[in-house]
Amino acid sequence: LGGGNPFDGESAFDPDSAFSPTSGSPLHKMQDGYDTYQTLVTDLDEETDWDSILTKAVAEIDTNLDWADINTAIAAIVTSALSTGASAASGAASAAASAINNAAILTAITAFESSRLPTHLRAISRLSAGYADINSVAGSAYVWAMAAAEFEFSKEVSDFGAKLNLEAYNNSFRVYVEAFVGKLRNHMASRTSFDTLRMNSITQSVGDMLQQLRLKVQGQRDGTSLQAEISRISLVALKEQADKNLDIDVSSNRWDMNIITQGANVMGSLSGAAAAVIGPQPSPVQSALGGAMSGAAAGAMIGSVIPGGAIAGAIIGGIGGFLMGLF
Numbered sequence: 002l003g004g005g006n007p008f009d010g011e012s013a014f015d016p017d018s019a020f021s022p023t024s025g026s027p028l029h030k031m032q033d034g035y036d037t038y039q040t041l042v043t044d045l046d047e048e049t050d051w052d053s054i055l056t057k058a059v060a061e062i063d064t065n066l067d068w069a070d071i072n073t074a075i076a077a078i079v080t081s082a083l084s085t086g087a088s089a090a091s092g093a094a095s096a097a098a099s100a101i102n103n104a105a106i107l108t109a110i111t112a113f114e115s116s117r118l119p120t121h122l123r124a125i126s127r128l129s130a131g132y133a134d135i136n137s138v139a140g141s142a143y144v145w146a147m148a149a150a151e152f153e154f155s156k157e158v159s160d161f162g163a164k165l166n167l168e169a170y171n172n173s174f175r176v177y178v179e180a181f182v183g184k185l186r187n188h189m190a191s192r193t194s195f196d197t198l199r200m201n202s203i204t205q206s207v208g209d210m211l212q213q214l215r216l217k218v219q220g221q222r223d224g225t226s227l228q229a230e231i232s233r234i235s236l237v238a239l240k241e242q243a244d245k246n247l248d249i250d251v252s253s254n255r256w257d258m259n260i261i262t263q264g265a266n267v268m269g270s271l272s273g274a275a276a277a278v279i280g281p282q283p284s285p286v287q288s289a290l291g292g293a294m295s296g297a298a299a300g301a302m303i304g305s306v307i308p309g310g311a312i313a314g315a316i317i318g319g320i321g322g323f324l325m326g327l328f
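The numbering used here puts the first residue of the sequence shown at 2, with every later residue one more than the last.
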């Protein structure tokens, strides 16, 4: 009548049976995700990773920006500056020499001499008048006095011209030297700016790569957590499927007996006697378990967007899913 006992050889659902390396089972997926995450975390080493990232950043920046070594660059700048300085000094000397006794200076000297000449002539007149009074204009003293007066006048004009020439020489030389110093200063400032930019680029690149590494680890952890929730739901569903299959087997094996019982009830109803036929029903606890797991997973995912809300979301979602499974 119904075959053998469907409970023979049956046992409670074993979650480990879902762990099959070849079938992509839920537990295998959870374990695989955890292993990947654990490998990422284990392989992290602050010194090794920092050195590797820094080396990579420096290599990439130097390849793309093609900057020379700072010491080599400074040495080249100083060498160039010294060469330029020698040329500048020579040019300054030539320019300063050409500035001496040029037309402008000669004109200034002539103008100065003209402005001082009246004073000189008045002095000569007074000197001559004095010697004439003593009738000594033909003596040697008068000659020496006139010579001394002329010498002082010539010396005053010469000193004025020498002062102008010295100022012109110094100004010309200073202009050339200042141009050289300005060139050297600009080169050094440019080089310093380049190296500052280089170091800032390296620091920024290292920070970006470290951030990418953190995001990778975080993403793997989040993915592992999500896979774990999905796999938990799958395990519950597999258990409910196994229990339901067992219920179907029981109902199938009791089918003939139920038909006979129902026939007997029809016959027995004529005499007022009947037997109730109660078929197996799904376990509300089993359905509630699936609902609880689904609700917990959903609540945890929703609560994860709120700091510290994942656990509370899982508890609330689990209670709601359990109650829905009961009713």
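Just so you know, even glycine gets a beta-carbon here, dropped at the ideal spot from N, CA and C. Bear in mind that the values here come from a model prediction, so they are computed numbers and not experimental data.
{"Check": "Are there three or more Cβ pairs, one per stretch, closer than 8 Å when the stretch 107-119 is compared with the stretch 146-159?", "Outcome": "yes"}
{"Check": "Are the stretch 230-240 and the stretch 44-60 touching by the rule of at least three beta carbon pairs closer than 8 Å?", "Outcome": "no"}
{"Check": "Count the other CB atoms, across all protein chains shown, that sit within 10 Å of the CB of G34; report buried if there are 16 or more and exposed otherwise.", "Outcome": "buried"}
{"Check": "Here's the rule: buried if 16 or more other CB atoms are within 10 angstroms of the residue's CB, otherwise exposed. What is T204?", "Outcome": "exposed"}
{"Check": "With DSSP as the reference, label D44 as helix, strand or coil.", "Outcome": "helix"}
{"Check": "Comparing C-alpha positions only, which one of N259, Q242, A109 sits nearest to L165?", "Outcome": "A109"}
{"Check": "Name the residue from M268, F174, R255 whose alpha carbon lies nearest to the alpha carbon of S91.", "Outcome": "F174"}
{"Check": "Please say whether S206 and A58 have beta carbons closer to each other than 7 Å?", "Outcome": "yes"}
{"Check": "Going by CA-CA distance only, name the one from D223, M147, I260, S253 that's closest to Q39.", "Outcome": "D223"}
{"Check": "What do you reckon, are the CB atoms on S202 and I54 nearer than 7 Å?", "Outcome": "no"}
{"Check": "Pairing CB atoms from the stretch 181-195 with CB atoms from the stretch 141-155, are three or more of them under 8 Å?", "Outcome": "no"}
{"Check": "Would you kindly report the start and end of the unbroken alpha helix (DSSP H) that includes G269?", "Outcome": "141-270"}
{"Check": "If you follow the alpha helix (DSSP H) that I110 is part of, which residue opens it and which one closes it?", "Outcome": "104-134"}
{"Check": "Which word fits T225, buried or exposed, when buried means at least 16 other C-beta atoms lie within 10 angstroms of its C-beta?", "Outcome": "buried"}
{"Check": "Quick one: using the 10 Å Cβ neighbour count with 16 as the cut-off for buried, is E230 buried or exposed?", "Outcome": "buried"}
{"Check": "Check whether the Cβ atoms of N228 and K30 lie closer than 7 Å to each other.", "Outcome": "It is Gln, not Asn, that sits at residue 228 in the sequence shown. It is a contact, given that the beta carbons lie within the stated cut-off."}
{"Check": "Checking 7 Å against the spacing of the C-beta atoms, do A148 and L128 come in under that value?", "Outcome": "no"}
{"Check": "Let me know if A169 comes out buried or exposed under the rule of 16 or more other beta-carbons within 10 Å of its beta-carbon.", "Outcome": "buried"}
{"Check": "Roughly how many angstroms lie between the CA atoms of Q263 and D248, to the nearest whole one?", "Outcome": "20 Å"}
{"Check": "Whole angstroms are fine: how far does the CA of H121 sit from the CA of T111?", "Outcome": "15 Å"}
{"Check": "Under 7 Å Cβ to Cβ from T37, same chain only, skipping five residues before and after it: list those, please.", "Outcome": "Q221"}
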